[in-house]
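Report on one structure; see the data block that follows.
2 protein chains.
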Amino acid sequence: MNDAVEALARKGPTGVEVADWIRSQIRSSRLVPGQRLVEVDIIRQTGGSRFKVREAFQRLAAEGLVEIEEFRGASVRGASMDEVRQLYRARAALEGICAAEFALKATDEQRRKLADLADEMEVCVEGGAPERFGQLNSDWHSLLMRGAGNAVIEDIVKRLNTPVHHLLFETFYKGDRLREAARDHRLIVKAVLDRDGPAAEMAMRQHIENGHRFLTDLDRAVHHGGVGEV
Amino acid sequence: MNDAVEALARKGPTGVEVADWIRSQIRSSRLVPGQRLVEVDIIRQTGGSRFKVREAFQRLAAEGLVEIEEFRGASVRGASMDEVRQLYRARAALEGICAAEFALKATDEQRRKLADLADEMEVCVEGGAPERFGQLNSDWHSLLMRGAGNAVIEDIVKRLNTPVHHLLFETFYKGDRLREAARDHRLIVKAVLDRDGPAAEMAMRQHIENGHRFLTDLDRAVHHGGVGEV
DNA sequence: GATAACAAGATTGTTGACATTTTTATTGTC
DNA sequence: GACAATAAAAATGTCAACAATCTTGTTATC
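Here the protein sequences line up with chains A and B, keeping their order.
The first sequence: position 90 = 90 (our numbering), numbered continuously.
The second sequence: position 66 = 66 (our numbering), numbered continuously.
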């Protein structure tokens, strides 16, 4: 909120800030795949000039988050189920290697923090607090990548997630996903505390793979071909 | 060249085309880290309007390839040795998993093509044709990722490479890097032909790691702290 | 009522002009 | 010659106006 206030105190938000705003709207499902991003609407809602809004569109297009068509403007890009598969495969590889690295070189404090977050999530599972679980989960994964000393990977993963964020939110509510995820986390934390790199990597890959399988099953149940595909 | 001709036949290049042009200049070391990208210069050289050039800057900034400072414009971003390490770690993870996948599910034709390219590269090593080796090497890695059925990873890796491309070019000329790389490729191809996923993954990770070590040694020899860092 | 042609409105693409800031060149002083 | 102050030039940031295109609503025709 600090940034937003600061932006308003000045004349208006920068292109980067507008892009962040749009990204947050996508994450919270207020903007869904296929939806058109009309310039004037964004201007009204952010206070940014047309110039800044168009800057933001270019940046988001480069990230692959929006699609720009000539004379039709920007719209939120969706991902096909096949692209989702590729996304998750990439995440499994990247976060897997971070887990291994974390297990070998994280500080004691980082390890403890990782375990604590996992414990908190378990409480959320029993107490039925999926939103809080989602936030903790995001923190947990970030901590792991940061502790592995790889901000580049952290950045990539954050971008990879955005196209399916509107789904993650829903999926956390349904089925036994929370319980399963908590169990996965427990395995990873154990390997980390044992300083067992390969085990941590394998457990992390399995964890991501489970998330993907859950998404696939969900999609098959709803039985439309793509996930927000347009 | 086809695209460039087409662009000239029309009124001028699009923002994406200007971005591609800048990227190619960086790849060929005609633009080096720290160098400022003056709008009028780009306009003169590409024929694009100022509008398009600024679009291109935004896209490249989103990719992390250029840096934009207020009232100072865009400049080519360099990478610190620590960032290079993170980059290579990410590549090792991503290409490693692609190698494993390729070994399991590539078509016979793709396998043969992979082996053929490796053979061609060996010839280049003996014949002393490093530029051709570089091209073949790029094709080889692309083929592997495409054959693994993961265009998302292919895209990420391409971006990851750009900030160090001006180095790759030099490094191919020096020392025994070519010979070493050819040997690595041989190991990977063997694992692929054996349909041994884990072996392919391990060999690929080692290959990327070797490339990183070579870069590190080179940097230590030249003994300045960063690689095009500004 | 369905459809096609047309017109009005909405939306995006592009350009040029001007404001702001940085960079470079010049001058004056010691 | 070194340095600081100043002015000129260069470069970037911003905006408003207009052009090109798409979208929507209306009318005419069958």
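The C-beta atom is built at its ideal place from N, Cα and C for all residues, glycine as well.
Predicted model, so just to flag it, every value in this text is computed and none were measured.
Proximal residues to residue i (C-beta, below 7 angstroms), its chain only, five neighbours per side dropped
{"i": "Cys98/A", "result": "Leu144, Met145, Ala148, Asn150 and Ile153"}
{"i": "Ile188/B", "result": "Ala99, Ala200, Ala203, Met204 and His207"}
{"i": "Gln25/A", "result": "Leu31"}
{"i": "Arg50/A", "result": "Glu39 and Ile43"}
{"i": "Ala9/B", "result": "Unreliable positioning characterises Ala9/B in this predicted model, as indicated by a pLDDT of 47, which lies under 50. The coordinate reading is nonetheless provided below. Taken in chain order, the list of residues that qualify is empty."}
Delimiting residues of the beta strand (DSSP E) encompassing residue i
{"i": "Glu69/B", "result": "Val66 to Glu69"}
Limits of the alpha helix (DSSP H) - the one that residue i falls within
{"i": "Val32/A", "result": "Looking at the DSSP string, Val32/A is not in any alpha helix (DSSP H), and its letter there is neither H nor E."}
{"i": "Ala191/B", "result": "Arg177 to Leu193"}
{"i": "Gly12/A", "result": "Looking at the DSSP string, Gly12/A is not in any alpha helix (DSSP H), and its letter there is neither H nor E."}
{"i": "Val164/B", "result": "Neither: Val164/B is in no alpha helix (DSSP H) and is coded neither H nor E."}
{"i": "Asp217/B", "result": "Gly197 to Val222"}
{"i": "Gly149/B", "result": "Careful: Gly149/B lies outside any alpha helix (DSSP H) and carries neither H nor E."}
{"i": "Gly47/B", "result": "Segment: none, Gly47/B is in no alpha helix (DSSP H) and carries neither H nor E."}
{"i": "Gln100/A", "result": "Here residue 100/A turns out to be Ala, not Gln, going by the sequence shown. It spans Met81 to Lys105 - the alpha helix (DSSP H) in which Ala100/A sits, taken as one unbroken run."}
Cross-strand partners of residue i (DSSP beta bridge)
{"i": "Gly128/A", "result": "According to DSSP, which records beta bridges pairwise, Gly128/A is partnered with nothing at all."}
{"i": "Ser75/A", "result": "Arg36/A and Glu67/A"}
Same chain, Cβ closer than 6 angstroms to residue i, neighbours up to 5 away in sequence not counted
{"i": "Arg59/A", "result": "Ala19"}
{"i": "Gln110/A", "result": "Gly147"}
{"i": "Arg195/B", "result": "Ala103"}
{"i": "Glu38/B", "result": "Reading the sequence as shown, one finds Val at residue 38/B and not Glu. Closer than 6 angstroms at the Cβ level, and outside the excluded window around Val38/B, lies no residue."}
{"i": "Lys52/B", "result": "Gly15 and Val18"}
Classification of residue i by the beta-carbon crowding that lies within 10 angstroms, buried from 16 upward
{"i": "Pro198/B", "result": "exposed"}
{"i": "Val40/A", "result": "exposed"}
{"i": "Glu69/A", "result": "exposed"}
{"i": "Ser75/A", "result": "buried"}
{"i": "Glu131/B", "result": "exposed"}
{"i": "Glu126/B", "result": "exposed"}
{"i": "Gly93/B", "result": "One detail in the question is off: residue 93/B reads as Ala in this sequence, not Gly. Burial call: buried."}
{"i": "Phe71/B", "result": "exposed"}
{"i": "Gln86/B", "result": "buried"}
{"i": "Gly128/A", "result": "exposed"}
{"i": "Gly96/A", "result": "buried"}
{"i": "Thr46/B", "result": "buried"}
{"i": "Val107/A", "result": "Correcting the residue type first, residue 107/A is Thr in the shown sequence and not Val. So Thr107/A ends up on the exposed side."}
{"i": "Val222/B", "result": "exposed"}
{"i": "Asp184/B", "result": "buried"}
{"i": "Gly48/B", "result": "buried"}
Test: residue i CB closer than 8 angstroms to a CB of chain B
{"i": "Gly73/A", "result": "no"}
{"i": "Phe214/A", "result": "no"}
{"i": "Leu114/A", "result": "no"}
{"i": "Ala221/A", "result": "no"}
{"i": "Ala99/A", "result": "no"}
{"i": "Leu144/A", "result": "no"}
{"i": "Ala191/A", "result": "no"}
{"i": "Gly197/A", "result": "no"}
{"i": "Asn150/A", "result": "yes"}
{"i": "Leu87/A", "result": "yes"}
{"i": "Glu209/A", "result": "no"}
{"i": "Gly96/A", "result": "yes"}
{"i": "Glu83/A", "result": "yes"}
{"i": "Ala90/A", "result": "yes"}
{"i": "Ala93/A", "result": "yes"}
Any C-beta of chain A under 8 angstroms from that of residue i
{"i": "Gln58/B", "result": "yes"}
{"i": "Arg235/B", "result": "Nothing about residue 235/B can be reported from this structure: the residues present for chain B run from 1 to 230 only."}
{"i": "Ala61/B", "result": "yes"}
{"i": "Ile156/B", "result": "yes"}
{"i": "Gly15/B", "result": "yes"}
{"i": "Ile153/B", "result": "yes"}
{"i": "Lys147/B", "result": "The sequence shown places Gly at residue 147/B, not Lys. No, because no Cβ of chain A sits closer than 8 angstroms to the Cβ of Gly147/B."}
{"i": "Glu55/B", "result": "yes"}
{"i": "Asn218/B", "result": "It should be noted that the sequence gives Leu, not Asn, for residue 218/B. No, Leu218/B lies away from the interface with chain A (no Cβ there is under 8 angstroms from its Cβ)."}
{"i": "Ala118/B", "result": "no"}
{"i": "Ala181/B", "result": "no"}
Nonlocal neighbours in the same chain, by C-beta distance under 8 angstroms from residue i, ignoring five residues either side
{"i": "Arg23/B", "result": "Leu60, Leu65 and Thr162"}
{"i": "His141/A", "result": "Glu95 and Val157"}
{"i": "Glu63/A", "result": "Arg159 and Thr162"}
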